[in-house]
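Worksheet: one structure, shown below.
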Amino acid sequence: MQSLSDATAKVDDITSDITISGGQQSAVGVLNASGCGNVLLLCEHASNFIPSEYDNLGISQTDSETHIAWDIGALELAKVISVKLDAPLVASNVSRLVYDCNRSSDANDAIVVCADCVIIPTNQALSEAQRQHRVDSVYQPFRRTVEQLLRHRRTQSQVTIIVTIHSFTPVFNNKFRDVEIGLLHDSDSRLADAMLSNAALISPRVVKRNEPYGPTDNVTHSLKIYGIEHNLANVMIEVRNDLLSTTDEITKRAEEILTLLCPAVEQLTSGKQGAHNA
Ligand SMILES: [Zn+2]
């Protein structure tokens, strides 16, 4: 039986590989924790794993393999970028249907009762204790891990830029989305602005600001608490998941993102303005 444990002790102790192999399962994984690149990668929706205590949340196996449970292809994309940038990558190992690590603990949609028209039976009418258990076992380990890494990098005088990697479904509420790569930001648009200024370099890829979601959709929690609160430049990258369907596609999308990201990071870190740890 798979169980969940909080395996977030010190940075040095964090697992160096986020591959999940049967038996014990940690709530969060870190790849390349000691990476020396200027970017810290996050992937809150990396996994569709639902711990056995939740009995698959009452949904079908088929539903738990769709975009409602995770961001399809996002972890693989983040891993490629992590290697290219020598960037640490923090990924949740639990489905967002159990708890969405890109939502604050008081957000109504941190634990959804319905996702893209699919009712999530086990999430209906949770008690305060049940809700708190998910916060403690899924959200807090993720948050502690990111904050430990930020502290660790600060002690090393390592510049940090926050980049969180997501994917989205091409059709939502019966509407096709033409955006292919979305660059999302909240009040700090420095990194998104710099990346968007290079969008022509990956033409005809359709790159848009704050699409298919934006700050009014409550999706910038991580950007705010890990980026803005520490005065670290930050961006959320959303890639349409039909463009991540093969290893080759994922490699190409990573190259496109790096074409936008690398000069932007260079621009923000040369002279170090705005990218220091606060
Ligand atoms: Zn996502």
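Per our numbering, the sequence shown starts with residue 31, numbered consecutively.
Ideal Cβ positions, reconstructed from N, Cα and C, are used throughout, including at glycine.
Coil, strand or helix - residue i by DSSP
i	result
A121	strand
H75	coil
E268	strand
S227	coil
T92	coil
S252	helix
C147	coil
T194	strand
V12	Outside the shown range of the chain (31 to 308) lies residue 12, about which nothing can therefore be said.
V110	helix
S135	coil
I211	strand
G244	coil
G257	helix
V189	coil
Cβ-heavy atom distance, residue i to ligand 1, below 8 Å
i	result
H251	no
Residue i, buried or exposed, once every other Cβ within 10 Å from all chains shown has been counted against 16
i	result
D216	buried
I149	exposed
L231	exposed
Q162	exposed
A57	buried
G103	buried
CB-CB length for residue i against residue j, believed under 8 Å
i	j	result
L288	K114	6 Å
L72	V176	7 Å
V236	D208	6 Å
Q) Which residues have a Cβ closer than 5 Å to any heavy atom of ligand 1, listed in chain order? A) Here the list is H75, D101, H196.
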